[in-house]
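Colleague:
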Amino acid sequence: MRTLITGTAGFIGNALALRLLERGDEVIGLDNVNAYYDVRLKEARLARIAAHPRFSEARIGLEDRRKVAALFAEVRPERVVHLAAQVGVRYSVQNPHAYVDSNLVGFVNILEGCRQNGVKHLVFASSSSVYGANTKIPFSVHDPVDHPLSLYAATKKANELMAHTYSHLYRIPTTGLRFFTVYGPWGRPDMALFKFTRAILAGEPIEVFNRGEMERDFTYIDDIVEGVIRVVERLPQPNPHWSGDHPDAATSNAPYRLYNIGNNQPVRLDRFIEVLEQRVGKPAKKRLLPMQPGDVPVTYADVDDLERDVGFRPSTPIETGIDRFVTWFLDYHRV
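Going by this note's numbering, the sequence shown opens with residue 5, and the numbers climb by one from there.
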């Protein structure tokens with residue numbers, strides 16, 4: 005299969021591309037390799053796949069309508085996995101326009117590329133952030149998500165609505181994946197595990213928001229990739245029982261579907277730090293801080309639909325995931 009993956013210099017996109025290439029797929033990678041975080045890490049990720057004979061790379065921005073359209077017309081992908089985005093809840097408070105350009109304008113360009121070129125399946129990244137002010141847990145894709153708490157979350161909710169519109173109008177099979185706190189080797193430097201590991205090793209304090217009492221459904225990268233691959237291979241079908249009188253948020257009378265991909269086992273942040281301290285062999289110096297604007301106290305994924313439809317549910321415990329991350333971190337930074 006010929007798959008276009010957006011965000012191949014990113015954490016999830018790079019890991020997914022590597023898996024697909026290893027099993028024999030052709031992968032076209034789109035990424036603008038921007039400087040939101042250390043470009044050297046992005047280039048190091050790309051180096052893992054750049055020499056592969058079935059990989060080709062396009063360095064363009066999602067918001068460049070002409071170049072995105074030209075890429076689709078040239079490579080005519082059978083499947084698209086759209087993972088590129090401007091990420092970060094806290095950064096969206098500081099720089100909202102970056103989220104509009106990448107996550108809204110850029111996503112329209114991806115949708116148009118799929119429409120104009122007969123893409124058989126569009127799988128796109130949403131986020132657990134869309135649950136916003138919801139307090140009913142575990143978070144279910146069948147519940148409404150109408151109260152986002154950050155612009156990042158609002159753009160991801162908008163992506164789900166935009167994708168449904170194209171699925172309804174043009175019958176494009178589309179599947180949205182709500183990822184829950186992804187971590188692991190080659191992860192993002194702006195995420196807690198990366199920042200905490202670097203600070204503890206350097207003897208610097210770590211910032212612990214909500215005094216460590218937040219809970220997160222930490223999901224290991226290999227579980228995320230396995231879930232994505234299984235979903236990509238399952239075309240969504242219209243739900244014959246869907247009714248506008250009692251609309252189900254996760255399905256449609258169009259070929260459209262939403263899934264959570266999370267570990268289904270939320271862990272308190274202070275426990276996460278404790279496991280990291282044990283693995284690093286040093287105690288953390290903690291600055292206990294209040295909740296940040298846009299953050300939520302708990303994330304917790306209901307993954308019953310994912311397990312029922314594709315036979316998979318994430319299961320990697322944090323002890324295993326953190327151990328693998330620290331091993332990679334020490335090697336990558338030659339510590």
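By construction, the Cβ of each residue, glycine as well, lies at the ideal position given by its N, Cα and C atoms.
Apart from the five residues just before and just after VAL97, which ones in its own chain have a Cβ nearer than 8 Å to its Cβ?
Modeller: As a first step, residue 97 is located in the sequence shown; it is residue number 93 there, counting from the start. Within the same chain, VAL97 has close Cβ partners SER154, LEU155, PRO297 and GLY298.
Colleague: Measuring CA to CA, which of THR324, THR320, LEU25 and GLY266 is closest to ASP221?
Modeller: Locating residue 221 in the sequence shown gives position 217, where the first residue counts as 1. Comparing Cα-Cα distances from ASP221 to each of THR324, THR320, LEU25 and GLY266, the minimum goes to GLY266.
Colleague: For ARG49, which residues in the same chain have their Cβ closer than 7 Å to its Cβ, ignoring the five residues on either side in sequence?
Modeller: Residue numbering aside, residue 49 sits at position 45 when the sequence shown is read from its first letter. Excluding residues within five positions, the ones whose Cβ falls inside 7 Å are ALA13, ASN18 and TRP190.
Colleague: For GLU67, I'd like the list of residues in its chain whose CB is within less than 6 Å of its CB, leaving aside the five on either flank, ordered along the chain.
Modeller: Along the sequence shown, read from residue 1 onward, the residue named residue 67 stands at position 63. Once the five neighbours on either side are set aside, the close Cβ partners of GLU67 are ASP105, VAL109 and GLY110.
Colleague: Using the Cβ count rule (16 or more neighbours within 10 Å means buried), how would you classify PRO81?
Modeller: Within the sequence shown, the letter at position 77 stands for residue 81. Burial call: buried.
Colleague: Less than 8 Å between the C-beta atoms of VAL112 and MET166, yes or no?
Modeller: Translated into the one-based positions of the sequence shown, residue 112 becomes position 108. Translated into the one-based positions of the sequence shown, residue 166 becomes position 162. A contact, by the Cβ cut-off of 8 Å.
Colleague: Indicate the three-state DSSP secondary structure (helix, strand or coil) for PHE128 in the structure shown.
Modeller: Counting from 1 along the sequence shown, the entry for residue 128 is found at position 124. Correct three-state label for PHE128: strand.
Colleague: Do you know how far the Cα of LEU181 is from the Cα of VAL229?
Modeller: One-based indexing of the sequence shown puts residue 229 at position 225. One-based indexing of the sequence shown puts residue 181 at position 177. One C-alpha to the other measures close to 11 Å.
Colleague: Would you be able to state if there are at least three C-beta pairs under 8 Å between the stretch 199-206 and the stretch 142-162?
Modeller: no
Colleague: Can GLY325 and TYR187 be called in contact, C-beta distance under 8 Å?
Modeller: Along the sequence shown, one-based indexing puts residue 325 at 321. Along the sequence shown, one-based indexing puts residue 187 at 183. It is a contact, given that the beta carbons lie within the stated cut-off.
Colleague: Jot down the residue ranges of each uninterrupted alpha helix (DSSP H) in the stretch 209-243, minimum 4 residues, whole runs only, in chain order.
Modeller: 225-236
Colleague: Taking the beta strand (DSSP E) that LYS289 falls in, what are its first and last residues?
Modeller: Counted from its first residue, the sequence shown places residue 289 at position 285. Here the beta strand (DSSP E) through LYS289 covers 289-293.
Colleague: How would you label ARG282, buried or exposed, when you count the other beta carbons within 10 angstroms and need 16 or more for buried?
Modeller: What you label residue 282 is simply residue 278 of the sequence shown in a count that begins at 1. Contrary to the premise, residue 282 reads as Gln rather than Arg in this sequence. Counting Cβ neighbours within 10 Å, GLN282 comes out exposed, since fewer than 16 surround it.
Colleague: For the alpha helix (DSSP H) holding ASN264, just list the boundary residues, first then last.
Modeller: On the sequence shown, position 260 is the one that residue 264 refers to. Not the alpha helix (DSSP H): ASN264 falls in the beta strand (DSSP E), residues 260-265.
Colleague: Taking only the alpha-carbon atoms, compute the straight-line gap between ASP309 and ALA157 and give it to the nearest angstrom.
Modeller: For this step, residue 309 is matched to residue 305 along the sequence shown. For this step, residue 157 is matched to residue 153 along the sequence shown. Distance between the alpha carbons of ASP309 and ALA157 is about 22 Å.
Colleague: Quick one: using the 10 Å Cβ neighbour count with 16 as the cut-off for buried, is GLU208 buried or exposed?
Modeller: For the purposes of this step, residue 208 is taken as the residue at position 204 of the sequence shown. GLU208 should be labelled exposed.
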